[in-house]
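A short worksheet on the structure shown next.
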Amino acid sequence: LRPVELLETTIKKTKPEREEINVGECVVHWFKRDLRTRDNTALSRASKKAEEGGVPLVCMFIVSPQDYEAHLTSAPRVDFELRTLEVLKADLEELNIPLYVTTIENRKDVPKHILEKCAEWGAKHIYCNIEYEVDELRREAKLTKACLAKGIDFTTVHDDVVVPPGALKSGSGNQYSVYSPWFRTWIKHVHEHPVLLNEADPISANPLSAKETFAAIFASSIPSAPPNKSLTEAERKRYANYWPPGEHEAALRLSRFLAEKIKKYKDLRNFPSLNSTSLLSVHLSSGTLAARTAIRAARDANSVTRLDGGSPGITGYISELAWRDFYKHVLCHWPYVCMSKPFKYEYADIEWEYNPAHFTAWCEGKTGYPIVDAAMRQMNEMGYMHNRCRMIVGSFLAKDLLIDWRLGEQYFMTRLVDGDFASNNGGWGFSASVGVDPQPYFRIFNPVLQSEKFDAEGEYIRKWVPELRGVGGKAVHEPYARGAGKEAEGKGYPRRIVEHKVQREKALERYKRGLGRG
Ligand code: FAD
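Quick note on UniProt numbering: the sequence shown kicks off at 66 and runs consecutively.
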């Protein structure tokens, strides 16, 4: 059984027994990557259960250093989550709802701790939204049974995606591996099931007495980052400046984007210097904003009620948001992509280079290709990189440096504030031509042409590569080849570490050979 099916089967099998369970003394919502109070499916259901049973709602979040390690979660991302928890705690407090936050060193102890807390609080019902990574799905299946053995009902619900994985099948009854036909079916499905875009009911306040009952939790503070993910004070300030936390910030960004930028999104989204995208990925991946909320708001800003008509900017934006769903469906159907295997296993045997000097130059943004270097420096500074640039640096790593794309995938996770396994894995599979619906392997980005096309004036390059700020005109795209070598060298900008023309041929040969072996 795939992990998602294992969970579904466990839920189904245990349902009758779970339905028998009484309400207990409180209802628990377990926050994971759904750090918001609004439009949150599991939280809303937990709140309803508590209200109907006349008992308080208690929320919990578990900081798990081992999970961060296993997922290579970046320190800026952990910092964002912890800052968001402060906002969440304050918002819940307004409703007399306590937020219990603790750090559990060993991730195997997480389920045990949850059960202990439920026993202490007299909770008989726990709610959470499903995460679709393999380990998480297996954990939730086990927890469903472990809870039942203790007389507790553990309810897991779909929320992170608009359409649940497995709901869309191609004509031959299989999971789609190509985005366009999947997207057409996704649209049709959402139109047929408009409830999928409905907002979850708002949560209710706890009775005032909860303040006293859970006084210790109200008085507790959010733990600081575990040592393996801590940042210096200066770094914290920097990231806090780039990425203010919490759902109110997400809602503000979304409404500004809808008012000011979405209409031109389709035309401008590929140009990294224009700041024309929503910059909401950190919010979507940590759940301070639901994809459902963003799509509903975009639809409501359109002149038509369909998702595939009206403003091209709006339909374009909805189609980008749908990529999130697509990659999560892929992850659930082909969970082996979680295990460092390429989706296209005929490409499992490509001979990759493991040149540490080249890899370090790529990581540090010192390859001598300005657009690549600008992009890598943007990510190292902000924890974020523009989508076009993610594709350029991904292609450059795999097809110019011939370095194993999995190293790039991992490096991204350790740096990105919006790191999300499914989207990152999907993006790398696309760029390195080994994933679902990939860029064909023989289509190799020329980094200079990409630079000239998408950063024609060199504004993005000059912003992130200070050594090239004094280089005028088109020379900024390849200073040493266009007469600006002296200026570049004087400022310490590196020469190219490889020649694109030469590497391109090598890459074509390696992919062909790999295919032959696969
Ligand atoms: P917008 O253009 O405003 O798009 C809106 C939202 O749609 C995004 O916030 C995101 O949630 C979703 N989205 C857009 N494009 C994609 C896409 N190609 N795949 C999946 N979702 C998409 N996105 C992540 O959220 N986390 C990652 O770890 C991640 N890694 C990537 C790695 C590579 C190699 C590539 C090519 C892409 C990756 N992406 C990832 C997708 C995309 O680059 C970012 O979602 C986007 O740049 C975020 O900026 P934005 O919020 O302004 O996007």
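We put the beta carbon where it would ideally sit given N, CA and C, even for glycine. Source: prediction; values computed, not measured.
- Membership of L122 in the beta strand (DSSP E) is indicated by the continuous run L122 to V128.
- Across the structure, E185 and T220 are spaced so that their CA atoms are roughly 19 Å apart.
- At a threshold of 8 Å, F322 counts as near the ligand FAD, since its beta carbon sits closer than that to one of the ligand's heavy atoms.
- Going by beta carbons, L345 and F322 fall inside the 9 Å limit.
- Straight-line measurement puts the Cα of E312 at about 15 Å from the Cα of T106.
- Comparing C-alpha distances from V437 to each of A188, I457 and L317 shows the shortest one belongs to I457.
- The ligand FAD never approaches F461 closely enough for any of its heavy atoms to be under 8 Å from the residue's Cβ.
- In the three-state DSSP reduction, N194 falls in the strand class (E or B).
- K409 and E314 have their C-alpha atoms spaced approximately 39 Å apart.
- With fewer than 16 other Cβ atoms inside 10 Å of its own Cβ, S320 counts as exposed.
- Of the other Cβ atoms in all chains shown, 16 or more fall within 10 Å of the Cβ of V402; this residue is therefore buried.
- Annotation for D218: the continuous beta strand (DSSP E) segment containing it runs D218 to V222.
- When DSSP states are grouped into helix, strand and coil, H94 belongs to the strand group.
- Residue environment for L164: buried (at least 16 other C-beta atoms within 10 angstroms of its C-beta).
- For the region 477–547, the full-length alpha helix (DSSP H) segments reaching 4 residues or more read 486–496, 512–519 and 524–529 along the chain.
- DSSP places L333 inside the alpha helix (DSSP H), whose first and last residues are Y330 to L333.
- Annotation for Y244: the continuous alpha helix (DSSP H) segment containing it runs Y244 to E257.
- Looking at E158, K566, E564 and Y545, the one whose alpha-carbon comes closest to that of K556 is Y545.
- Secondary structure of E418 (DSSP, three-state): strand.
- Residue pairing by DSSP puts L164 in a beta bridge opposite C124.
- Taking a C-beta distance under 9 Å as the contact criterion, N445 and G430 qualify as a contact pair.
- When the beta-carbon positions are compared, V123 and I287 stay at least 9 Å from each other.
- Going by DSSP, M444 is part of the alpha helix (DSSP H) stretching over P435 to M447.
- Only residues of its own chain outside the window of five on either side were considered, and among them A290, L296, R301 and Y304 have a CB closer than 7 Å to the CB of D144, listed in chain order.
- Taking 3 residues as the shortest admissible run, the region 301–364 contains no complete beta strand (DSSP E) segment at all.
- If the five residues before and after L462 are omitted, its C-beta is found closer than 7 Å to the C-beta atoms of W427, I468, W470 and G473, all from its own chain and listed in chain order.
- Distances from the CB of R110 to the heavy atoms of the ligand FAD are all 8 Å or more.
- The ligand FAD has a heavy atom closer than 8 Å to the beta-carbon of T342.
- A distance below 6 Å between beta-carbons, with the five flanking residues on each side excluded, links D156 to the following residues of its chain, in chain order: T102.
- In this structure, the beta-carbon distance from T149 to P310 falls below 9 Å.
- For R361, the number of other beta carbons within 10 angstroms of its own is at least 16, and it is reported as buried.
- Remark: the shortest separation between the CB of S350 and any heavy atom of the ligand FAD falls under 8 Å.
- For the options L66, I162 and Y133, the alpha carbon positioned closest to that of A111 is the one of I162.
- For S341 and A324, the gap between their C-alpha atoms comes out near 12 Å.
- The DSSP-derived three-state label of G89 is strand.
- Boundaries of the alpha helix (DSSP H) harbouring Y382: P377 to H398, taken from the DSSP string.
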